[in-house]
Structures are given as C-alpha cells and as structure tokens.
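J.: Each step along the sequence shown adds one to the number in UniProt numbering, with nothing skipped, and position 36 is 36.
Where a beta carbon is used, it is the ideal one built from N, C-alpha and C, also for glycine.
All of these numbers come straight from a predicted model, not from anything done at the bench.
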Amino acid sequence: FEVGDWVKFKRSIKTPSFGWQGTKQKSVGFVQNVLDKDVLIVSFCTGEARLLANEVVKVIPLDRGQHVQLKPDVKEP
Numbered sequence: 001f002e003v004g005d006w007v008k009f010k011r012s013i014k015t016p017s018f019g020w021q022g023t024k025q026k027s028v029g030f031v032q033n034v035l036d037k038d039v040l041i042v043s044f045c046t047g048e049a050r051l052l053a054n055e056v057v058k059v060i061p062l063d064r065g066q067h068v069q070l071k072p073d074v075k076e077p
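(1) Tell me, to the nearest whole angstrom, how far the beta carbon of valine 56 is from that of phenylalanine 9; I am working on the premise that it is less than 8 Å.
(2) Does the distance from the C-beta atom of valine 42 to that of glutamine 32 stay below 8 Å?
(3) Under three-state DSSP, which class holds glutamate 55?
(4) Could you please give me the residues that DSSP links to tryptophan 6 through a beta bridge?
(5) Have a look at aspartate 63 and asparagine 54 and give me their C-alpha separation to the nearest angstrom.
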C-alpha cells in the first residue's frame, strides 16, 4: 500500500485487530501513512484508524463529476 491509496475492509473481517475505531464494515478511507509493510494509518470521515494491511483491500476512488448509479432502495444519497 502507498500513501493516497483508497481502501475498505475485506468482507471476511468480523473485527479488525485494532478494533473498529469509529469505522464500520463498509467504511472507505485513504492511506495517510504506512508505518511498516503491515500497519497503515487510514483516514476515514470519522477520523484516523490504525489497521493491518491484510485486513483491507484497495478500491477505485471516484472523481469529482463522475456519474454513478444509486441502488433502487436509496432515497437520498
């Protein structure tokens, strides 16, 4: 992982090693710092969290102005 990578928790993670730290299973954040190859500091909208690299996967970030499709059950984004 590199600083700036967008990440989310793997679906298989029930409880992260360092706890949820204000995040949730579907939270998406970006890597602020790589402490070593195994430990990341990730910034979420709820704050920073310390995570193990093997508990997250990279996601493709959205760009401003990019069109997305909402699920039918979403009433307001």
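T.: Let's see:
(1) Rounded to the nearest angstrom, the Cβ distance from valine 56 to phenylalanine 9 is 6 Å, consistent with a contact under 8 Å.
(2) yes
(3) helix
(4) The partner list for tryptophan 6 (beta bridge, DSSP) reads Phe30.
(5) 26 Å
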